[in-house]
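Those letters in the sequence shown? Residues 1 to 97, per the UniProt record's numbering, in order.
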Amino acid sequence: MIRASVVASPANKLTDYSGHTVAGTSLEVIPAFIPTRLYRIQNLSSSETIWINDTGDPATSGAGSYALPPGAYYEFTTPFSVNIYADSAVPFSAARY
């Protein structure tokens, strides 16, 4: 029996971009980087939703952005900048590798 296996190369560099949102303002939290592998972001708030946009465009609380509820985690790949928005100052954890 032949088994196929997928081997992903491990992250060799993790860059931390954690911080706080600026109330009512889209904030670029992860800059564009073409040879990127993945980025991850977690909403550390227990009560506020944050919105992310990973196309390089500003994040808003509407179409084109993804809602990240309190405590939620999101991981994906994009060569574009990642922007974040919230109605109030919200702590978040973010990194690219």
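Every residue, glycine too, gets a C-beta built ideally from N, C-alpha and C.
Span separating the alpha-carbon of residue i from that of residue j
i: threonine 60; j: serine 47; result: 18 Å
i: phenylalanine 80; j: serine 45; result: 25 Å
i: serine 5; j: threonine 77; result: Because the pLDDT of serine 5 is 46, which lies under 50, any placement of that residue in the model is unreliable, and the question is left without a value.
i: isoleucine 34; j: tyrosine 73; result: 23 Å
i: alanine 86; j: threonine 25; result: 7 Å
i: alanine 67; j: threonine 36; result: 23 Å
Beta-carbon proximity list for residue i, same chain, < 7 Å, skipping 5 on both sides
i: serine 88; result: Ala23, Glu48
i: proline 91; result: His20, Leu44, Ser45
i: proline 69; result: Asn43, Thr49
Among the options, nearest to residue i - alpha-carbon criterion
i: leucine 27; options: Thr36, Pro58, Asp54; result: Pro58
i: isoleucine 84; options: Ala95, Ser65, Ala32; result: Ser65
i: alanine 32; options: Asn43, Ser18, His20, Asp54; result: Asp54
i: asparagine 43; options: Gly62, Lys13, Val29; result: Val29
i: glycine 71; options: Asp16, Val82, Trp51; result: Trp51
i: glycine 56; options: Val82, Tyr39, Ala63; result: Val82
For residue i: DSSP bridge partner residues
i: tyrosine 39; result: Phe76, Arg96
i: valine 90; result: According to DSSP, which records beta bridges pairwise, valine 90 is partnered with nothing at all.
Other residues of its chain near residue i: CB distance less than 6 Å, five sequence neighbours each side excluded
i: serine 18; result: Ser93, Ala94
i: arginine 40; result: Glu75, Ala95
Contact set for residue i: own chain, Cβ-Cβ below 8 Å, skip 5 residues either direction
i: leucine 14; result: Ala95, Arg96, Tyr97
Residue i: CB within 7 Å of a non-hydrogen atom of the ligand GTP
i: isoleucine 30; result: The ligand GTP is not part of the structure shown, which contains no ligands of any sort.
Any beta strand (DSSP E) of 3 or more consecutive residues that is wholly inside the region 22-68: Whole beta strand (DSSP E) segments, 3+ residues: 27-30, 39-43, 50-53, 66-68.
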